[in-house]
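In my numbering, the protein residues as written are 1 to 95. Positions of the beta carbon are idealized from the N, C-alpha and C atoms, including for glycine. Report on the following structure.
Right, here's the structure in full:
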């Protein structure tokens, strides 16, 4: 059985807790993976290595970049337009 599958079964299906042995050098908080630790360290260093492909915005986390692109650069697909919001207010349909 591959190692990743064995770890998956232990942690997801058997409820075994992963060891928090990756320590932040700035505050001492512990994490289960190096990826999570590296993202956390960016909160201390203010590093923002991820760039928006459409503008000059930068981000420390993939989720922040994803949400920015989705909300700022594709507004018609993800949020109501200002006109729709105004019509909603005018109709008095705000329960």
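Nearest-angstrom Cα distance between residue 38 and residue 2?
Here residue 38 corresponds to residue number 38 of the chain shown, with the count starting at 1. Here residue 2 corresponds to residue number 2 of the chain shown, with the count starting at 1. Cα-Cα distance, rounded: 26 Å.
Among 27, 24, 7, which has the Cα closest to the Cα of residue 18?
Taking the chain shown and counting its residues from 1, one reaches residue 18 at position 18. For the residues 27, 24, 7, the minimum Cα distance to residue 18 belongs to 7.
Nearest to residue 101 (by Cα), restricted to the options 34, 26, 5, 73
Because the chain in this structure spans residues 1 to 95, residue 101 falls outside the shown range and cannot be described.
DSSP three-state call for residue 30: helix, strand or coil?
As a position in the chain shown, residue 30 is number 30, starting the count at 1. Strand, per DSSP.
Going by DSSP in three states, residue 50 sits in which element: helix, strand or coil?
Along the chain shown, one-based indexing puts residue 50 at 50. Residue 50 falls in the strand class under three-state DSSP.
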